[in-house]
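Structure first, then comments.
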Amino acid sequence: MSTHVRSLVATLVFVAASLFTVTAWSLPRFSVREGLPCSACHVDPSGGGERNAYGRVYGATRLPLAFPGTNALRAPLTVGFGDTLSFGADSRTAYIYQVPPTGAKTSTFFQMEASLYVAAKVYDGLTLYFREDPVSTYEAWVSYERKLSKWASVYVKAGRFLPTYGLRLENHDVWIRQDIGLGPLDQDTGLEAGAYLGPFLLQASVLNGALQGLAMDDDTDKAIVARMEMLQRIGPLKLLLGGSTYRGGTGLLSTNQGITVDSRATIDRTGAFAGASLGRFTYLFEIDVYGNFPYPSNTQGTLTHSLQDFQELDVMVVPGLELNFNWEVRDPNMDLRTGREMRGMAGFDIYPIPHVDLQAFYRQTIGTGPGVVADVGAKEFIAMAHVFF
Amino acid sequence: MHTGCNTNKAALLALAAASLFACAASQQAPASRDAHGESVADGKVLYEQYCSTCHGVKGDGHGPTADLVGKPAPRDFTRGLYEFRTTETTELPLRADVVRTIANGVHDTTMPAFRGLMSDRDLDAVSHYVEGFSGAFAETPEKDRMVVSIPEAPATPTPEQLEEGRMFYFAFSCWNCHGVHGHGDGPGVPGLKDKWNRPIRPANLTRPHAYKGGFTPSDVYRTIATGLDGTPMSSYAKTVVLPPLRGADGQPDLSEQVSVPGGTLEPGLRASVVSFIATLPTRAQLAAMSDTERDRLRERRLWLLVGYVRSLPGQRSALSRLYDWATHDPGLP
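Sequences listed follow chains A and B, in order. The number in the working numbering is simply the position in the first sequence, starting from 1, with 625 added. The number in the working numbering is simply the position in the second sequence, starting from 1, with 666 added.
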């Protein structure tokens, strides 16, 4: 078989594998399912974190199983002091049972998240926001939003937050987050501006480029992040299309699984994402190319280009019970023929009562070749309890 | 060289304590009563928690997320126009009607069902508060509102009754908006607007979850009988007992029933409708009826319409129904 044919076959295998993909902890699926931007349900104009009034109503009415007699379980939808000060929380506790390809089996309880949110609306449009998670790190920012017309609004945000990139999946364990330096500790500090123009959201940020929780930069080089999405309803079909890029910024990087990184480097990330929802079915997709360019003076590493792909399919069986499937692909050296690693997950997500989310998944990693790390072949059973308000 | 700084944990712990305090405070809503002993304050708290984000603090339908949730837009309560009622058209709804809408949600819209989240007392309180956005409720006590009685649903219609209901569907011009096959694509659709001058589309009657007022026989009867105020769907409680229009020659004038701007019925169907209308009681015959007889006629015709309309989803192919099952979001009311 010629090199060209092998390349073509490898590419087709990759594409085919990508097509049979799917979900887990991600919440962008709700955004796509409803055809609403993340900010419809969250205080943060970029989405995520504390839910706003609409998000609380949505979470309490649309997510839980329709069990009769749940009146007694009604939780407060507004926690705080009217519009001025509100609070929220997310707690995720996981149980992970792992069967590695070699070595002993392990099982562990893992507190993934314990976030407490405080949002203060100083006056209409001006919001102060704090998130503290003793498990990982904190966010603190101030934003100002202004509505220009029925279909247009703009915002600016200043402070410390996770760079606005890609689908913004809640699960930081997926390769399109953890692998490319957007893990739970990777909040950065800087400015972000965004504009909602009809179905379009345009966002741009200037950040220190210093990740892993570091609060200050030590040079003048800054990271530039740009993101665009279009969320459009076409009858019952909802479509999401977008792309994002993260350029530059020299600083300390995450030590990512499967990728050799230097302690100081310039990183580039560029990717596209998409989503579609029709009735019971919601599909999400993201693909990213990650580049790690070490400082010339640094001899620890070499130029690394890697590719990450994530796909998710959610099937709502009944309101409150969803089947989730996801499929991830990563290639540490961008050579699809060798060193490819894939991870599939299948499970369910159930909301038995308002504000409680229980999940159970089976996950398996497969792959081989240069650059592929030791967790290949690992089989995992993951159960998680998520409580939120 | 990078430098880091630690989070002020103590401050955040204080915030956590404050949140617990606030949480407790939010559970102690005031429960003052109005002159009738009703729970105004409870309703306000509930409304502002659950409803104001779409319907607005002032009840004008301009909440912060109103523009996001799409069509139909959240209802403006200040005009006292309610779609889902058991009262005659243009009448205010009963309290039970408002409670039912909040409890069950509105099909095929983003208005969720709150029955699992609110107690009966909560539902009553928030309904009372919603009514307060329009001064009309205070001016017209519930006992003065004309209620449309909804009789018990008859047995499953026979094929003959379904055909008769189908003829009424055309004779009363339902097809003008809902289309010949009930797909919501009738010739009168272009330019349809609601009372707020917003474009609006008729329901696709072949999809059970597209019935905003509900799909049970009683729901559909109520919707046809009372209309959906604020939308082009008018009440047929009186229309169904009006005599068919007649031309100068005394024969049925079918120009309005079977031919409207933008579309006409195919000749065979038109001929069937013409023949059917010719068999209906004349103006003189209707005038000679007693009120009781006319009420019976109204009920019969409405149920025939209900039977036919509710049969439309079942007339689709299995593939079409499978597609509908797969592509309908079961999380919607």
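Note that CB positions come from ideal geometry on N, CA and C, so glycine has one too.
Cut-off 6 Å between Cβ atoms - residues of its own chain near residue i, not counting five sequence neighbours on either side
i      : result
A:K782 : W766, S768, E817
A:T718 : Q736, A1010
A:A745 : L710, L753
B:G879 : F750, D885, T889
A:L751 : Y769
B:A937 : none
A:I991 : M967
A:D939 : T648, R654, T907, E947, N949
For residue i, the three-state DSSP class (helix, strand or coil)
i       : result
B:I890  : helix
A:A777  : strand
B:I866  : coil
B:V792  : helix
A:Q812  : coil
A:N951  : strand
B:A950  : helix
A:I1007 : strand
B:D990  : helix
A:M604  : The shown model of chain A, from 626 to 1014, leaves out residue 604 of chain A, and the question about it has no answer.
B:M833  : helix
B:L968  : helix
B:I943  : helix
B:R621  : For chain B, the structure presents residues 667 to 999; residue 621 of chain B sits outside this window and is missing.
A:V743  : strand
A:V943  : strand
B:G746  : coil
A:Y821  : strand
B:Y877  : coil
A:S671  : coil
A:I912  : strand
Boundaries of the alpha helix (DSSP H) in which residue i is found, first to last residue
i      : result
B:I768 : 761-770
A:Y683 : 678-686
B:E805 : 802-805
B:T719 : 718-721
A:R802 : 800-803
Which listed residue (the options) has its alpha carbon closest to that of residue i
i       : options                        : result
A:P944  : B:E826, B:S977, B:L783, B:P996 : B:P996
A:I859  : A:V850, A:Q828, A:Y821, A:G904 : A:G904
A:R681  : B:P740, B:P778, B:L985         : B:P778
A:D804  : A:G916, A:S761, A:T762         : A:G916
B:K724  : B:F799, B:D708, B:V711, B:V792 : B:F799
B:P874  : B:G722, B:G746, B:H994, B:G736 : B:H994
A:E1005 : A:D811, A:P725, A:R676         : A:P725
A:E770  : A:E764, A:P788, A:L787, A:A820 : A:A820
A:R658  : A:Y683, A:P670, A:D844, A:G674 : A:Y683
A:D749  : A:K772, A:K730, A:R756, A:T762 : A:K772
A:D813  : A:V831, A:P824, A:R894, A:D956 : A:V831
B:L968  : B:F780, B:T897, B:V907         : B:V907
A:G873  : A:E854, A:G672, A:D844, A:A899 : A:D844
A:Y976  : A:T891, A:G784, A:G868, A:M941 : A:M941
A:C663  : A:T870, A:K847, A:G791         : A:G791
A:I892  : A:N833, A:Y780, A:L948, A:Q936 : A:N833
A:V981  : A:G660, A:S716, A:A678, A:A729 : A:S716
Residue i, enclosing beta strand (DSSP E) - first and last residue
i      : result
A:M970 : 965-975
A:Y720 : 710-724
A:F655 : No beta strand (DSSP E) contains A:F655, which is instead part of the alpha helix (DSSP H) from 653-659.
A:R852 : 848-859
B:Q715 : Per DSSP, B:Q715 belongs to no beta strand (DSSP E) and is neither H nor E.
Contacts around residue i, its chain only, beta-carbon distance under 8 Å, and the 5 residues preceding and following it disregarded
i      : result
B:L760 : R751, T752, T753, E808, R811, V813
B:F687 : Residue placement at B:F687 cannot be trusted, given a pLDDT of 44 that sits under 50; what the coordinates show is reported in the next sentence. So the list is empty, once near-sequence residues are dropped.
B:A762 : T752
A:A901 : V657, L862, K863, L864, L865, T907, Y908
A:A829 : E817, A818, G819, I849, V850, A851, R852
Close beta carbons around residue i, own chain, < 7 Å, minus the five adjacent residues each side
i      : result
B:S977 : L828
A:D669 : Y754
Anticipated Cβ contact below 8 Å, residue i with residue j, distance rounded
i      : j      : result
B:V735 : B:C720 : 6 Å
A:D974 : A:Q984 : 5 Å
B:G850 : B:N870 : 4 Å
B:E959 : B:P817 : The pair is not a contact, with the Cβ atoms about 15 Å apart (cut-off 8 Å).
A:A685 : B:L789 : That belief does not hold up - the Cβ atoms of A:A685 and B:L789 are roughly 15 Å apart, past 8 Å.
A:H667 : A:R676 : 6 Å
B:T755 : B:S901 : 4 Å
**Prompt:** If you measure beta-carbon to beta-carbon, which residues of the region 778-805 of chain B are closer than 9 Å to chain C?
**Reply:** Reference to chain C is not applicable here, since the protein chains of this structure are A and B.
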